[in-house]
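K.L.:
Counting in this note's numbering, the sequence shown runs from 60 upward without gaps.
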Amino acid sequence: MLIKIRRPWELKESSVTPEPHFRQRRKLLQAAAAAGVGAAMPAIARVAPPKQGRRLSNVRDSEWGRELEPTDFDDITSYNNFLELGAGKRAPARNADKLRTRPWSIRVNGACEKPGQIDIEDILRKIPQEERIYRFRCVEAWGMIVPWDGFSLGTLLKRFEPTSKARYVAFETLYDPEHLPGQRRNILDWPYREGLRMDEAMHPLTMLVTGVYGMELPAQNGAPLRLIVPWKYGFKSIKSIVGIYFVEKEPATTWAALQPEEYGFYANVNPEVDHPRWSQKYERRIGEGLFARKHKTLKFNGYAEEVAHLYKGMDLRKFY
Ligand code: MTE
60 MLIKIRRPWE LKESSVTPEP HFRQRRKLLQ AAAAAGVGAA MPAIARVAPP KQGRRLSNVR
120 DSEWGRELEP TDFDDITSYN NFLELGAGKR APARNADKLR TRPWSIRVNG ACEKPGQIDI
180 EDILRKIPQE ERIYRFRCVE AWGMIVPWDG FSLGTLLKRF EPTSKARYVA FETLYDPEHL
240 PGQRRNILDW PYREGLRMDE AMHPLTMLVT GVYGMELPAQ NGAPLRLIVP WKYGFKSIKS
300 IVGIYFVEKE PATTWAALQP EEYGFYANVN PEVDHPRWSQ KYERRIGEGL FARKHKTLKF
360 NGYAEEVAHL YKGMDLRKFY
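See the structure below:
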């Protein structure tokens, strides 16, 4: 992401930040410490793997990422950011049973001809097989290689017939403070929200994910349906989606609303531009240990050939 012009450590933040913003920033730092958003990741201690769920049918490998060695299932499912299920990387796996994933439906409305509601079982059953589940090794921004199973978001969006006013797509996570322990804490403006520009949303690499390693998605990874945008930082990939809205204006997104100087709407992986508090040139891979050689971060997470054209003519330091 982008470097700020004024570095935050040059001035005491309380002396330069208006009070409400200052309080919000403290909230951000709490949340960011919990989430480790974008930071270099330490090696992790293993915790017991979650109970494996239903095996998905019709999984086939896609062409994408065949050359990449995937991260262990245990690491993918025990080192998570899912603030609704608690702060700290191991809390989501521990609290996974708090997320009730059935019945589950997703509202789709806004600027479209056929607004409606779709049940997760219908999504799993009705997405035509040829468009459906495929295994997709995705380099996640915080250093995991995950064989996600899913289908292109565009496949679903088209069914609702977006109109020409649909310039962006907004997403919303379940709001259920009674069951989700994190939502009883005031660390974010719940529910978690994300958004994409329409062309980003319709790009075939943008996926709705229902599984990992051929298994139904565990709760801590965002069951029953989450987004994966492989060329963006991990926080864009919103979990446990209940709402998808076609909108005309750029929608507010959780991290950009909380700290706009550090987290932008686009959030494209960009090693050329430092985050205000850390370099983004190298990344650690989860599971390889603290002393392993770091990997060079690739622009657009290695998908430049596929997606760079979406940002042609845009100043990526400004639109970070
Ligand atoms: N979605 C929701 N609803 N709540 C969250 O806290 N965290 C985000 C993203 N999606 C988050 C979320 C962040 S910061 C990251 S890095 C990824 O989920 C982590 O996904 P993973 O746990 O499957 O690796």
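Beta carbons: idealized from backbone N, C-alpha and C, even for Gly.
How about E253 and G302: do their beta carbons lie closer than 8 Å?
P.N.:
Along the sequence shown, read from residue 1 onward, the residue named residue 253 stands at position 194. Along the sequence shown, read from residue 1 onward, the residue named residue 302 stands at position 243. No; because the gap between Cβ atoms is not below 8 Å, this pair is not in contact.
K.L.:
Per the contact definition of three or more C-beta pairs closer than 8 Å, is the segment 251-271 in contact with the segment 150-163?
P.N.:
The answer is no - the segment 251-271 does not touch the segment 150-163, with fewer than three Cβ pairs under 8 Å.
K.L.:
So is the beta-carbon of N327 under 7 Å away from any non-hydrogen atom of the ligand MTE?
P.N.:
Residue 327 sits at position 268 when you count from the first residue of the sequence shown. Result no, Cβ not under 7 Å from the ligand MTE.
K.L.:
Could you tell me whether the segment 255-262 touches the segment 220-237, where touching means 3 or more Cβ pairs closer than 8 Å?
P.N.:
Judged by Cβ distances under 8 Å, the segment 255-262 makes contact with the segment 220-237, as three or more pairs qualify.
K.L.:
Buried or exposed: T46, going by 16 or more other Cβ atoms within 10 Å of its Cβ?
P.N.:
Residue 46 cannot be examined here, being either before or after the span of the chain that is shown, 60 to 379.
K.L.:
Using a threshold of 7 Å, is the CB atom of T232 nearer than that to any non-hydrogen atom of the ligand MTE?
P.N.:
Taking the first residue of the sequence shown as 1, we reach residue 232 at position 173. It does: the Cβ of T232 is within 7 Å (strictly closer) of some heavy atom of the ligand MTE.
K.L.:
Could you compute how far the alpha carbon of V268 sits from the alpha carbon of R352?
P.N.:
By one-based count along the sequence shown, residue 268 stands at place 209. By one-based count along the sequence shown, residue 352 stands at place 293. Each residue's Cα considered, the two are about 30 Å apart.
K.L.:
Helix, strand or coil for Y227 per DSSP?
P.N.:
The count along the sequence shown starts at 1 and reaches residue 227 at position 168. Strand.
K.L.:
What does a CB cutoff of less than 8 Å around V198 pick up in its chain, not counting 5 residues either side in sequence?
P.N.:
Mapped onto the sequence shown, residue 198 falls at position 139. Excluding sequence neighbours, V198 sits near G124, L127, I204, P289, L357, N360, G361.
K.L.:
Which partner residues of Y370 appear in the DSSP bridge assignment?
P.N.:
Locating residue 370 in the sequence shown gives position 311, where the first residue counts as 1. Answer is none; Y370 lacks a bridge partner.
K.L.:
Any heavy atom of the ligand MTE closer than 7 Å to the CB of N140?
P.N.:
The residue you call residue 140 lines up with position 81 of the sequence shown. Under cutoff, so the answer is yes.
K.L.:
Three-state secondary structure (DSSP) at G175?
P.N.:
Within the sequence shown, the letter at position 116 stands for residue 175. Reduced to three states, the DSSP call for G175 is strand.
K.L.:
Could you say which of W201, D235, M266, P151 lies nearest to T214 if we only look at CA atoms?
P.N.:
For this step, residue 214 is matched to residue 155 along the sequence shown. Of the listed residues, the one whose Cα sits closest to T214 is M266.
K.L.:
Taking G281 as the reference, which of K298, Y193, G270, Y292 has the closest Cα?
P.N.:
In the sequence shown, residue 281 corresponds to position 222, counting from 1. Ranking K298, Y193, G270, Y292 by Cα distance to G281 puts K298 first.
K.L.:
Throw me the rounded Cβ distance for the N168 and Y341 pair, which I believe falls under 8 Å.
P.N.:
Position 109 of the sequence shown, counting from 1, holds the residue named residue 168. Position 282 of the sequence shown, counting from 1, holds the residue named residue 341. N168 to Y341, Cβ: 42 Å. No contact.
K.L.:
Given A104, which residues of its chain have a CB within under 6 Å of its CB, disregarding the five upstream and five downstream residues?
P.N.:
By 1-based counting over the sequence shown, the position of residue 104 is 45. With a pLDDT of only 37 at A104, under the threshold of 50, the placement of this residue in the model should not be trusted, and no figure is reported.
K.L.:
Can you name, in chain order, every residue of its own chain whose Cβ lies under 6 Å from the Cβ of W314, other than the five neighbours on each side?
P.N.:
Looking up residue 314 in the sequence shown gives position 255. So the qualifying residues of the chain are F294, Y322.
K.L.:
Less than 7 Å between the CB of S137 and some heavy atom of the ligand MTE, yes or no?
P.N.:
For the purposes of this step, residue 137 is taken as residue 78 along the sequence shown, with counting starting at 1. Outside the cutoff, so no.
K.L.:
Measure how close the beta-carbons of T130 and Q279 come, nearest whole angstrom, since I'm counting them as under 8 Å.
P.N.:
The residue you call residue 130 lines up with position 71 of the sequence shown. The residue you call residue 279 lines up with position 220 of the sequence shown. Going by Cβ atoms, the distance from T130 to Q279 rounds to 15 Å, so no, they are not a contact pair.
K.L.:
By the 10 Å Cβ neighbour count, where 16 or more other Cβ atoms means buried, how is W337 classified, buried or exposed?
P.N.:
Residue mapping note: residue 337 aligns to position 278 of the sequence shown, counting from 1. W337 is exposed by the Cβ-count criterion.
K.L.:
Use the C-beta contact count for S296: other C-beta atoms within 10 angstroms, 16 or more gives buried, fewer gives exposed.
P.N.:
Locating residue 296 in the sequence shown gives position 237, counting from the first residue. By the neighbour-count rule (16 or more Cβ atoms within 10 Å), S296 is buried.
K.L.:
Of the residues P236, K371, L375, which one's Cα is nearest the Cα of V332?
P.N.:
The count along the sequence shown starts at 1 and reaches residue 332 at position 273. Measuring from the Cα of V332, the nearest candidate turns out to be L375.
K.L.:
Between R285 and the rest of its own chain, which residues show a CB-CB distance below 8 Å, the 5 nearest in sequence each way excluded?
P.N.:
Sequence index remark: in the sequence shown, residue 285 carries index 226 (1-based). Answer for R285: L267, V268, L276, S296, I297, K298, S299, I300, listed in chain order.
K.L.:
Since Y379 and Y292 are thought to touch, with beta carbons under 8 Å apart, how far apart are those beta carbons, to the nearest angstrom?
P.N.:
Numbered from 1 along the sequence shown, position 320 holds the residue referred to as residue 379. Numbered from 1 along the sequence shown, position 233 holds the residue referred to as residue 292. Between Y292 and Y379 the Cβ distance is about 10 Å, and since that is not below 8 Å, they are no contact.
K.L.:
Express the C-alpha separation of L216 and E180 in angstroms, rounding to a whole number.
P.N.:
For the purposes of this step, residue 180 is identified with residue 121 of the sequence shown, where counting begins at 1. For the purposes of this step, residue 216 is identified with residue 157 of the sequence shown, where counting begins at 1. Between E180 and L216, the C-alpha separation is close to 17 Å.
K.L.:
Among R114, P310, E172, I246, whose alpha-carbon lies nearest the alpha-carbon of G147?
P.N.:
Position 88 of the sequence shown holds residue 147. Selected option, being the one with the closest Cα: I246.
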